[in-house]
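Heads up: the protein sequence lines correspond to chains P and G, in order.
All letters in the first sequence, in the order written, are residues 1 to 116 by our numbering.
All letters in the second sequence, in the order written, are residues 117 to 232 by our numbering.
As structure tokens, the structure follows; a few thoughts come after it.
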Amino acid sequence: AQKVTQAQTEISVVEKEDVTLDCVYETRDTTYYLFWYKQPPSGELVFLIRRNSFDEQNEISGRYSWNFQKSTSSFNFTITASQVVDSAVYFCALSVQETSGSRLTFGEGTQLTVNP
Amino acid sequence: EPEVTQTPSHQVTQMGQEVILRCVPISNHLYFYWYRQILGQKVEFLVSFYNNEISEKSEIFDDQFSVERPDGSNFTLKIRSTKLEDSAMYFCASSDSGADPLIFLHFGNGTRLTVT
């Protein structure tokens, strides 16, 4: 069975601070994908990034960066110079290849509040 | 960019009533999914659908739920006799074929179901 843990339920920062959202996952599969989604107050799920288990290269996209470490089963997400518009719930998710159909297993989410 | 469309955005129904949530997946996609998010909680997998049949379902997806692809474009989730605890945001998703359909999953904006 797959499991995703986001230990930080809520984080509050002041604008321009850097913030890291933690994600720890559990799976026995060797082939899997990890995802981050943003859910703004309007409720939709916004895809941010996907990584496969064979690619441990860290990734940077603008103010966003991701640190994937298989040794610790972690896929952490850092926002540099946070902005008020970054305020949202952020979900980490995991998928493994199944024989038929596939499912995403989500973490509980981290509510990020960026204050002006 | 093509997108998954869900209607209505918000539906209110009385306990015990049947409700149908509608989704129009991306036109060339072959894998379809429903996910549920109870307010303030994580997103949970309900069901995946491929080749006109359910390929996987979670323990949440009991006999009260059914899915259907009634024509070439719509994908529906029916709840036969709604309960208060069915109140949630329901997300439809689709993905195209390939070795791993979860390589890129497209989510709709969700339908918020309120059962009174």
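No residue lacks a Cβ here, since even glycine has one placed at the ideal position from N, Cα and C.
Measure the alpha-carbon distance for residue i versus residue j and round it to whole angstroms.
i        : j        : result
P/LYS16  : G/VAL135 : 45 Å
G/LEU229 : G/CYS139 : 14 Å
G/THR232 : G/LEU155 : 15 Å
P/ASN69  : P/GLN8   : The sequence given here has Gln at residue 69 of chain P, not Asn. If you take the alpha carbons of P/GLN69 and P/GLN8, they lie about 18 Å apart.
P/CYS23  : P/PHE77  : 8 Å
G/GLU162 : P/SER42  : In the sequence on display, residue 162 of chain G carries Leu and not Glu. Going by the C-alpha atoms only, they are around 22 Å apart.
G/GLU172 : G/TYR149 : 9 Å
G/SER143 : G/THR192 : 15 Å
P/GLY62  : P/LEU104 : 26 Å
G/ILE170 : G/SER210 : 14 Å
P/PRO116 : P/THR80  : 15 Å
P/PHE35  : G/ILE176 : 23 Å
P/ASP86  : G/ARG152 : 24 Å
P/LEU48  : G/HIS126 : 25 Å
G/LEU200 : G/MET131 : 6 Å
P/SER53  : P/THR31  : 6 Å
P/VAL4   : P/TYR90  : 13 Å
P/SER71  : P/ARG28  : 13 Å
G/LEU146 : P/VAL14  : 44 Å
P/THR113 : P/GLN83  : 9 Å
P/TYR25  : G/ASN225 : 26 Å
P/ASN58  : P/SER65  : 7 Å
G/GLN133 : G/PHE181 : 13 Å
Over what stretch of residues does the beta strand (DSSP E) that includes residue i continue unbroken?
i        : result
G/CYS208 : 204-211
P/ASN115 : 110-115
G/HIS145 : No beta strand (DSSP E) holds G/HIS145; DSSP gives it neither H nor E.
G/SER171 : 169-173
P/VAL84  : From DSSP, P/VAL84 is part of no beta strand (DSSP E); its letter is neither H nor E.
P/GLU26  : 24-26
G/LYS158 : Per DSSP, G/LYS158 belongs to no beta strand (DSSP E) and is neither H nor E.
P/LEU48  : 46-52
G/THR230 : 227-231
For a contact defined as C-beta to C-beta under 9 Å, what are the partners of residue i on chain G?
i        : result
P/LEU104 : TYR149, TYR151, VAL159, PHE161, ALA209, LEU218, LEU221
P/PHE91  : LYS158, VAL159
P/GLU56  : In chain order: nothing, as chain G lies at least about 18 Å away.
Taking residue i as the query, report the chain P residues whose CB atoms sit under 7 Å from its CB, ordered along the chain.
i        : result
G/GLY240 : Residue numbering for chain G in the displayed model covers 117 to 232; residue 240 of chain G lies beyond these limits and cannot be assessed.
Residues bridged to residue i by DSSP?
i        : result
G/PHE220 : G/PHE220 pairs with nothing; no bridge assigned.
G/LYS199 : Paired residues: none, contrary to the question.
G/LYS194 : G/ILE136, G/SER182
P/ALA93  : P/PHE35, P/PHE106
P/VAL14  : P/ASN115
G/VAL120 : Bridge partners of G/VAL120: none, in fact.
Cβ closer than 8 Å: which chain G residues qualify as neighbours of residue i?
i        : result
P/GLU15  : Here the premise fails: no neighbours, minimum Cβ distance about 25 Å.
P/GLU108 : GLN157, LYS158
Contact criterion: CB-CB distance below 7 Å. Does residue i meet it with respect to chain B?
i       : result
P/GLU17 : Chain labels in this structure do not include chain B; the protein chains are P and G.
(request) Check each residue of the segment 178-206 of chain G: if its Cβ is closer than 9 Å to any Cβ of chain P, include it; give the result in chain order. (result) MET205
(request) Select from the segment 162-175 of chain G all residues with a C-beta closer than 7 Å to any C-beta belonging to chain P, and list them in chain order. (result) SER164, TYR166, SER171, GLU172
(request) Can you give me, in chain order, the residues of the segment 59-73 of chain P that have a beta carbon less than 7 Å from any beta carbon in chain G? (result) none
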